[in-house]
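Notes for the one structure printed next.
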Amino acid sequence: MPHSQDFDDGNLLLDTAKPKVKPPKRYQVVLLNDDYTPMDFVVEVLMHFFGMDEAKANTVMLAVHHQGKGVCGVYSREVAEMKVYQVNRYSREHKYPLMCQLEVV
Ligand code: TYC
Numbered sequence: 004m005p006h007s008q009d010f011d012d013g014n015l016l017l018d019t020a021k022p023k024v025k026p027p028k029r030y031q032v033v034l035l036n037d038d039y040t041p042m043d044f045v046v047e048v049l050m051h052f053f054g055m056d057e058a059k060a061n062t063v064m065l066a067v068h069h070q071g072k073g074v075c076g077v078y079s080r081e082v083a084e085m086k087v088y089q090v091n092r093y094s095r096e097h098k099y100p101l102m103c104q105l106e107v108v
């Protein structure tokens, strides 16, 4: 009859090895309030660039309006940078000062 200690391979290495790969950082796309951009335009941006339905877009727009800024979504760096670029370009094209920016989580 084998003794239980015969099968003890010790897991000291597994327990102490540091993970070599860190989880990737996540990037928040944050929308900023201003006094000039129409609320309807902000709602349109949130629906078009962030896939929100109208009710969600309205809620987020009003939160930004009252609190000064708010999170539109959390993405990889590449996707977040592209969203910021596209939203800021779209706002400029329409001559509105609406701004969004990146924040590392
Ligand atoms: N404060 C703007 C207004 O009163 C509306 C607004 C909301 C603008 C959110 C920007 O990110 C923003 N017309």
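Under this note's numbering, read the sequence shown as residues 4 to 108, first letter to last. From the three backbone atoms N, C-alpha and C, an ideal C-beta is built for every residue, glycine too.
**DSSP state of glutamine 104 mapped onto helix, strand, coil** = Three-state result, glutamine 104: strand.
**Message:** Can you give me the C-alpha to C-alpha distance between asparagine 36 and glutamine 89, rounded to a whole angstrom?
**Reply:** Asparagine 36 and glutamine 89: Cα-Cα distance of roughly 17 Å.
**Request:** Tell me whether serine 94 is buried or exposed, calling it buried when 16 or more other Cβ atoms sit within 10 Å of its Cβ.
**Result:** Its Cβ being crowded by 16 or more others within 10 Å, serine 94 is buried.
**Asked** Is it a yes or a no for the segment 38-46 touching the segment 55-75, going by three-plus beta-carbon pairs under 8 Å?
**Response** By the C-beta criterion, the segment 38-46 is judged to be in contact with the segment 55-75, since at least 3 inter-stretch pairs fall below 8 Å.
**Request:** Can you tell me which of Thr40, Val63, Gly71 and Arg80 puts its alpha carbon nearest to the alpha carbon of proline 26?
**Result:** Measuring from the Cα of proline 26, the nearest candidate turns out to be Arg80.
**Prompt:** What three-state label does DSSP hand lysine 25 in the structure shown?
**Reply:** If DSSP states are grouped into helix, strand and coil, lysine 25 belongs with coil.
**Message:** I need the straight-line Cα distance from valine 107 to leucine 34, nearest angstrom please.
**Reply:** Rounded to whole angstroms, valine 107 to leucine 34 spans 14 Å at the Cα level.
**Message:** ligand 1 and threonine 40: does the residue's C-beta get closer than 6 Å to at least one heavy atom of that ligand?
**Reply:** Yes, the beta carbon of threonine 40 sits closer than 6 Å to at least one heavy atom of ligand 1.
**Message:** Taking 6 Å as the cut-off, is the C-beta of asparagine 36 nearer than that to any heavy atom in ligand 1?
**Reply:** Using a cutoff of 6 Å, the CB of asparagine 36 counts as near ligand 1, since one of the ligand's heavy atoms is closer than that.
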